[in-house]
Each structure stands twice: as structure tokens, then as C-alpha cells.
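Undergrad: Protein chains in written order, with my numbering: chain X, 483 to 841; chain Z, 9 to 611.
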Amino acid sequence: MSGFFVLATILLIYVVIFQIAKASEYVGVLKGEEVMRKQSNRINGFLLISFLVLGLVGVWYTNHLYAGKTLFAQGSASVEGERVDSMFMWTLAITGAVFFITQILLFWFAFKYQEKDGKKAVHFAHSNKLEAIWTAVPAIFMTILVVIGLRNWFHFTKEAPADAVVVEITGKQFNWIYRYPGKDKVLGKTYFKNISDKNNNPLGQIWEDKANYDDIIESSEMHIPVGVPCKLVINSRDVVHDVGLNHFRMKMDAVPGIPTTLWFTPKFTTRQMREKLNDPEFQYEISCDQMCGPGHFSMRGVIVVDEPTEYKIWLATKKPNYWTAFPEKDPTKQPPAAVDSTAKKTAEVKAADMKIVKK
Amino acid sequence: MSNEAVLHAPAGLVHEEHHGHHHHHESFITKYIFSQDHKMISKQFLFTGIVWAILGGLMSVLFRLQLGYPNETFPILEDLLGKWAKGGKIQPEFYYALVTMHGTVLVFFVLTAGLSGTFSNLLIPLQCGARDMASPFLNMLSYWFFFAASIVMISSFFIETGAASGGWTSYPPLSAIGDFSEGSKAGMDCWLISMALFIVSSLLGGLNYIATILNMRTKGLSMTKLPLTIWAFFFTAVLGVLSFPVLLSGAILLLFDRHLGTSFYLSDVFVSKTQTALPNEGGSAILYQHLFWFLGHPEVYIILLPAMGMASEIISTNSRKPIFGYMAMVGSLFAICILAFLVWAHHMFVTGLNPFLGAAFVLLTLLIAVPSAIKVFNWLTTLWKGNIRFTPAMLFAIGFVSLFISGGLTGIYLGNSALDYQLHDTYFVVAHFHIVMGVASMFGMFAGIYHWYPKMYGRYLNNTLGYIHFWVTICGAYLIFWPMHYQGLAGAPRRYYDISNWHFLKGFDGLNQFISTVALIVFATQILFVFNYFFSMFRGRKLKNPNPWGSNTLEWTTPINPGHGNWPGEIPEVHRWAYDYSKDGREYIPQTEPIGAGESGHH
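1. Could you name the residues of the region 86-120 of chain Z whose beta carbon sits closer than 7 Å to any beta carbon of chain X, in the order they occur along the chain?
2. How far does the alpha helix (DSSP H) with Asp724/X in it extend, from its first residue to its last?
3. Thinking Leu274/Z and Ala184/Z are a contact (beta carbons under 8 Å), I'd like their distance in whole angstroms, please.
4. Under 8 Å between the Cβ atoms of Phe357/Z and Asp433/Z?
5. Let's see if you can read the secondary structure: which residues bound the alpha helix (DSSP H) around Asp428/Z?
6. Does DSSP classify Met732/X as helix, strand or coil?
7. If we count the other Cβ atoms within 10 Å of its Cβ and call it buried at 16 or more, is Asn362/Z buried or exposed?
8. Hey, Gly631/X and Asn424/Z are a contact pair by Cβ (cut 8 Å); roughly how many whole angstroms apart?
9. With DSSP collapsed to three states, give me the class of Gly571/Z.
10. Leaving out five residues on either side along the sequence, give the residues of the same chain with a beta carbon under 6 Å from the beta carbon of Leu54/Z.
11. Which runs of the beta strand (DSSP E) spanning at least 3 residues fall entirely within the region 767-810 of chain X, listed in chain order?
12. If you draw a straight line from the C-alpha of Ser718/X to the C-alpha of Thr652/X, how long is it?
13. Determine the burial state of Val498/X: buried for a count of at least 16 other Cβ atoms within 10 Å of its Cβ, exposed for fewer.
14. Output needed for Ser143/Z: all residues of its chain with C-beta closer than 6 Å, excluding positions within five of it in sequence on either side, in chain order.
15. Could you name the residues of the same chain whose beta carbon sits closer than 6 Å to that of Val637/Z, not counting the 5 residues immediately before and after it, in chain order?
16. Measure the Cβ-Cβ separation of Asn395/Z and Tyr595/X and say whether it is below 8 Å.
17. What residue range does the alpha helix (DSSP H) around Val566/X cover?
18. Within a Cβ cutoff of 7 Å, which residues of the same chain sit near Tyr435/Z, ignoring the five residues on either side of it in sequence?
19. From the DSSP output, in three-state form, read off Thr434/Z for me.
20. Compile a chain-ordered list of the residues in the region 713-730 of chain X whose CB is closer than 7 Å to at least one CB of chain Z.
21. Pick helix, strand or coil for Leu391/Z, following the three-state DSSP scheme.
22. For Tyr468/Z, does the count of other Cβ atoms within 10 angstroms reach 16, so buried, or fall short, so exposed?
23. Could you tell me the alpha carbon to alpha carbon distance between Glu607/Z and Pro330/Z, rounded to whole angstroms?
24. Which two residues bound the contiguous beta strand (DSSP E) that contains Lys654/X?
25. What does Gly709/X reach in chain Z if we use C-beta pairs closer than 9 Å?
26. Run through the DSSP bridge pairs and tell me what Phe639/Z is partnered with.
27. Which residues in the same chain have their Cβ closer than 8 Å to the Cβ of Ala13/Z, if we skip the five residues on either side of it in sequence?
28. Ignore the nearest five residues each way along the sequence and tell me which others in Ala820/X's own chain have a CB closer than 7 Å to its CB.
29. Is there contact between the region 248-264 of chain Z and the region 206-220 of chain Z, where contact requires at least three CB pairs shorter than 8 Å?
30. For Ile576/X, which residues from the same chain have a beta carbon less than 6 Å from its beta carbon, with the 5 sequence-adjacent residues on both sides left out?
31. Provide the residue span of the beta strand (DSSP E) that contains Thr232/Z, from first to last.
32. Please list the partners that Arg266/Z has in chain X, where partner means a Cβ-to-Cβ separation under 9 Å.
33. Hey, how far is the Cα of Tyr548/X from the Cα of Leu685/X?
34. Measure the alpha-carbon distance for Gly604/Z versus Gly456/Z and round it to whole angstroms.
35. Can you tell me whether Ala807/X is buried or exposed? The criterion is at least 16 other CB atoms within 10 Å of its CB, across all chains shown.
36. State the Cα-Cα distance for the pair Ile476/Z and Ile413/Z, rounded to the nearest angstrom.
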């Protein structure tokens, strides 16, 4: 019933507006087109200048409401991200000035030079001097922005420092898998045809590559140490995803078959951020920023930034995925007696799997 | 008969006198359906464009309901949409289909076909002084290919697995494998076939526009005497003809990957749902993105240039001043056209693109700011010391400039790769492109419709409704998209169905509700415009003066309701450029008037 009333009200509003519009047209015909045009010209001129004033107030008010909710209010959580923030401010200063100047001129001119009786427009068709000025000035400012931008860009995209902690992050519909290289600091080779969630090989690790023996796989959250550069090696298992690290001010696509990288140096541990923002539930969240299917909006990952010692302790509690895939190789789980027949059987199956692995 | 006489004789009389040229009998079908008259074809494009705009707008209203009121249910939606809105709540699959179709429809069907198709068709022959297009038959085919594309696209909504839902960019592998999403099944095939048909339509149209502008200008009308509208349509057509075929190849290769087992875009793909690794190896998902954006970026200018051209013409006419810096305006259109081809990879800064290549694209992208700035300053100077008439068309043209400034400036952030590193695919991007190419171009289109409606139908649109339409729409556009920049700066990613489980996005519920409510009001106002359009076709105030805006260009030298062939007698000859306003004490001097003896310096 309420839906019906809403519909009836909307219809009524339409009818009223339409009647007013029709009536004003008749009035126009009676008064004469010329009179009517001049009248509506004055009204619209006034509305244009009001729009400018209200718009500027609106710009201020929106900023007042929401500036505090943007990430800039928190400051960058990575050392590299500070460059993004300062570059943003430079760009904001330049574009902001242009915005205010041009919008004010636009609406001011429109208001000021509205049609008036006895006034004539000026025939002013071109001026090489003026045009040269407004070709050169934007060109100079753009050059400044390009220089700032490219310096930062080459900094972000250069090879990560040698002491960086390396973590591999692989996207799949609709979550993330993290892999640590283990003691040998080398990520073992993978091949997508080896992927098998059933056989505990979610990334398709090639078991003939010994570098895989100590690789650790995590699916709940990524831990990294604070103050140390961290390099992410980014992969995808199915469609294109994107590792969005909003607090660290960067993101990079995850493309199946084409690994990408990204590096940054976290400035604050998760705990420090919680205190800094006075928000006990704060997490560094990884958002998927590339449309990846119906669950795209729920593809959430979490990065926990620890003190270096905490990080070491956390890492030490993790077992290599090799042991999960082959429980019989796990020294901590080695049964005292000989392996039973079922375990033997699985071992045989795995061995058969290994033979079809591409080298 | 002299042009003067054509101008001032009553329309009927001119008809009587000139049976000869265009008086062939037309049946209903040849006149209204398979018409080869460019004016009728332009109306067909506009009609179809309006239908698409309503549908595309409705889609945005539906997904804005979900974004603004994620916890509410709307039982009526289940009645209307069935399983797609189970329990009165739009389902994720359907949400993504809506988002995808909204983008595709608005970008291609409304702002390419609806805008270029309408106004290139209407104005090129009229403003060039031609009786019709170079090939009226291909022109007719162009519309009917567009119509076929529309039918295929609409029908994809009625497939059991739904319409395509991988975003309007349809990146593979998501769009290549049906197991990744329901919309990647038959809906995606429809999308690709529809796009292929659309591209054919666009090429037929574009080639025709170029041929007509280059070869069929009337006597005396050199290229530098053309109105800026025609220059804009010309560059638009060039962009389309050179870039659309690349999208076609991209779409065809995607069809091959989907159905013929090729691996152009596929490699290292594992399907979790079926626990199988696909056999494809060696393809590159990034290749598709290059092919897509090689059209995708010029497409932005295909949408924007016609709006720029029409805004230039309308601002000049209604300011009663020549457009400032005509040659600079043409030069900047040309520069934009060239640069449009060289910036596509700025959509791909974070795909793992070679950083050096990325740097080249940063430079070229920010270069576009220079011709854009020239255009803005020239529009401002055209207003300066004018004697401005605020017709609804003029208001929309001023609104266009305002929106072009606002949206263009944020492009400077996104075109700089180091900032895009953070802002890519957030609501900042959504706000940017909706303002600069979505709403701004819609404003250009509205300006064009209000300005040339009298030419199309011999009647005026209702002014009061026009003013209401303008003021609600411009306020609404800023209220909707301005705050979205802040959401983007808070990191909110695009294409999220629900943000409630994200901690860092808390605090924007109220804003989302506000935006959705404004979107509803703006949509309702557009319905008012559509009503005005159709009502005025039959009941609008009749045109008495064949040149209602006191304009210089050739289209106003035809009779009020021109027949096929446009001019009953001889085609008028042109003696001057289109912008002799307020010159030598005369308010306007039509292009057809010979240069007088004592006239001051002329163009």
C-alpha cells in the first residue's frame, strides 16, 4: 500500500511540474517571446552565480565532513607511501588552484555578461599572445608534475632492496594464499598443472625442486616485520586479481602466468597503528581491486605487521607445506614404529604424481 | 532563389516552388524505418539512444539501491526480477551484470551511437551544405547494425545464466571461462557478438562521416570555414575508424579462446570449482587489455569530442561572440585526437607493465592536459564580454565546461603512475570518469538536443521543463560524484557489492545512502526530459523563425521542416566562417552572406 502512495505522489509531482511548465509557456506566448526570454535570462543568471557560491560552500563542507575519513588523515603506513602523500598534496595544490580560478571565472563571466538591453558583445576572435600564455603555463606545470611523478615511479618500481623479506601472494576466487621461502630464502618452483587442493598443494609446488621443501604456506593472514623492506611476489591461480594495500599506498595486479612484484617498508606494527588511530579493531586489509567474479567484494586478506622478534617467533611455529603434503616426511610426526599401510599407499600415490610433474 | 529568399519565405511556399529535386514518393517504411535520409537516421539513433539511456540509468538506480541500502529488502524487486533479486535483495551475480551492462550501454550505446550517431548524422550534411551523406545506404546499414547489436545485448538479460558480468572491460580469464562466473557463460557470447555488430555499425557510420566531410562540402566551404562541430565529428570519426577494428580483433580472439581452444589470453589457469587445470599455455591475459584499451582510451574521446564541438558552437552562438581562438580550437582537437592513440596503457600502470613504458605513458597522458586547458580557456574567453542568452542549450553547454574542468583535473592525478599506484580502481576513478566523460558528455548531448530540436521537429522543447532538467541534473551530478572522490581517497575499491565486512571502509554508510537517493531524483528528472521530448514532438510550440537562435551556420538556411535533400533549391554557397557574431555592429552574419566591400578583416 505504501508503495502505491509513493507511486501516486511521484505521479502527482510529475503532473504538477508539467502543468506549471505548460502554463509558463502560455504566459510566454501572451507576454511575447522577447519579454519571457529576458525574464528567464535574469533568473538563470542569478541561479548561475548562486550555484557558484553554494557550490564553493559545498566543496568546503564536503571536505569538512570527509577529509578526516580518507587515508591521508592517518598518514602513510609505509616509508614509500609518504612520497605518494606528498605528491598528492602537490597535485592537489596545482589542480585546486586551477579548479577555483576556472570555475569562478566560468560562472562569474556567465553572470556578468548576461544579455542586457542596449549592450553589444565584443567581437574578439583571437589573440596569439593570450593563447601562447595558456599553452605554456599548463605545459610548465605539467612538466613539474611529470618530474615529481616519474622520480617516485622509478623509486617504487626499482628492484627491492637485497635485505627485503620476500613473501609470495597468490590470488584465487575469492581469497589469498601466502607463501614464505623458508630458510633457504628461495621460493620453490611451481607449475599450475600440479595444483591440487585435495593433495595439499594449492600452489602447484614442484616437489622435485628441493627449494620447495622448506616453503611455508599460509592462508589466514600474512605476517611481516616492521621497518624491514618487504617484497611481494604476486601471482594468480585463476583470473586477474589485484593486491590493494591501501594503508601502504600501493597496489599491483595478480595475473595468471605473469608474476608481478611490489615492495614497501612498513612503518608501524599493527599494534602501533591500533594505538595511533585509537581503534582496537584496526587491521591492514588487502582488498582485491580488480573485478574477479561474483565474490570480488569479499576477497579480503589481512597483513599483520609484527616487531621483528615477534615475526621470527611466528615464522618458527610454521611448518613447511611439504610436510603437510607428505606427512611421513614431517620429523615431528614421525611415528616410532614402521609406517602403516595406508600411509605407504598415499606415499605411493604422491610418488606417482611426482612423475607427471613437468621439470 | 537567393538564400535570403529561402530564409524569409514561409516554409510551405518554398515547397511549392521546388518540386523537382526531392519530391519522390515515400512509403511509411522507406520514410520512417528503412530510411536513407540522414535526418531520419539521426532521429532513429537518438530514439534508440534514449531507450538505452533509460535502461542504463535504471540499472544504475538498481545497483545504487543495493549500495545505499545494503540491509533492506525490496520485495517488489523479486516480483519483477525473480531469482536475480531473491528475497527482495539484488544478488551478487545480478549486481555485477547490472554494473557491466550499465557501463557497456552508457559508453557504447548511448554516448557513442546515441551521441555521435545522432549529431554527426544530423549536422554533417546540414552544416557542410550537402544533400545527404556520401552513402545514404551505408548510413542506413549503420543504424540497423546498431539496432541488431541492441537486440542481442538486450536478449542477454533473458538468458538463464544472465548477462555478462565481468565489468564493461570484460578482462579474460574471467570473461573467457564460464566456470568463473555465471555471466561468463552465454551472456558473454552475447556481449561479444553484440559488440562485434556494434563495431560494424560504428565503422560504416564513421567512414561515411569522413567521406562526407572531406568530399561533399558546399561551394566556398573550405575546411577552415567549418563550424567546430564538424571538426569535432571529423576527428571523432577518425578515432573510431582507426581504433574500433582493434577492439573487434580483441573480441574475436576472445571468442576463439572461449570456443575453439586457442590460448591467446589464457595461461596458467586453474579452475577451483572443478579442480582442473586448463590445458591452455603461453597466452597473455595482458594482451587483451592492450587490445581493449587501444580502443578503450580513444573511445573516451569519441564520447567527449562531439560534446566539445557542440558546446563550442552553442557557447559562441548564445554569447553572440565568435568562438575565441578558432585555429587553436581545431589544433587542440587534432592534438587530442593524436594523443588519444598514445596513452592507452595509463589504464594498465599496475598490471606489471614495464616501468619504463609506464613512464612514457605518464608523459603522453599529462600532455593531454595542455590542449584540454587551451579549450577551457578559450571557452572562458568566448564568454568574456559576451551578451549571453541562457537558453537551456546554453546552460547545458556551460555545465559541460564546468564538469569538464572538474573531471579533467582529477585525470592529472590518475595519469601520473605514482599516484595511480594508490588510486587505481578506487571510487576516485569512478568519480573522475563519470564526471569528465559520463556526465559532461551527457551535458553536451542535452545541449545538442535542446539546441537542434527545432531543426529536427520544427518545434521547441518546453523551456521551463528544460530549466528544471538542467538545474536538478547539474546539482545532482555534483552531489553524487563530488563526495565519491573522498570515498576513493579512503581506498574504497570499485565494483564492491557490499562493503560491510571491510574495516577500513567503515563510516561511509550515510554517504552511500545520500548518493543513492540523489541518483533516484536525478533519474526521475531525466524521465521528465524524455516526456518533454516526446510531448513536444507533437504539441510543442511551433517554430516561426527558421533561424531561432540567430545562428550563422548553414543548417538554419533550410526550410523549417526540410525534406530529403535539405535545400529545396540550389545548395547555398558559403562566403565566410561560421563565427561572425557581433561584427561591424551586426549581431550575426550568416555564412551565406558575401563579404561586404567595407567589411573589417575577415576570416
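From the three backbone atoms N, C-alpha and C, an ideal C-beta is built for every residue, glycine too.
Being a predicted model, the structure only gives us computed values, none of them experimental.
TA: So, to answer that:
1. Pro100, Glu101, Tyr104
2. For Asp724/X, no alpha helix (DSSP H) encloses it; the enclosing beta strand (DSSP E) starts and ends at 723-727.
3. 6 Å
4. No; because the gap between Cβ atoms is not below 8 Å, this pair is not in contact.
5. Its alpha helix (DSSP H) spans residues 425-431.
6. Looking at Met732/X - three-state DSSP - the assignment turns out to be strand.
7. Answer is exposed; the Cβ neighbour count stays below 16.
8. 4 Å
9. coil
10. Thr126
11. Counting only runs of 3+ residues, the beta strand (DSSP E) found wholly inside the region 767-810 of chain X occupies 782-788, in chain order.
12. 5 Å
13. Val498/X should be labelled exposed.
14. Asn216
15. Lying before the first or after the last residue shown, residue 637/Z is absent from chain Z, which here runs from 9 to 611.
16. yes
17. 563-594
18. Met492, Gln495, Gly496, Ala500, Arg502
19. strand
20. Arg719, Asp720, Val721, Val722, Asp724, Gly726, Asn728
21. helix
22. Flag for Tyr468/Z reads buried.
23. 16 Å
24. Lys654/X -> beta strand (DSSP E) spans 647-654.
25. In chain order: nothing, as chain Z lies at least about 21 Å away.
26. Outside the shown range of chain Z (9 to 611) lies residue 639/Z, about which nothing can therefore be said.
27. Any answer about Ala13/Z is weak, because its pLDDT of 39 lies below 50 and its placement is not dependable; what the coordinates show is given next. Nothing meets the Cβ criterion.
28. Residue confidence is low: Ala820/X scores 49 on pLDDT, short of 50, so the model does not pin down where it sits. No coordinate-derived value is stated.
29. yes
30. Phe623
31. No beta strand (DSSP E) holds Thr232/Z; DSSP gives it neither H nor E.
32. Residues of chain X passing the Cβ test: none, with the nearest at roughly 14 Å.
33. Looking at the two C-alpha atoms, the distance is approximately 41 Å.
34. 32 Å
35. buried
36. 23 Å
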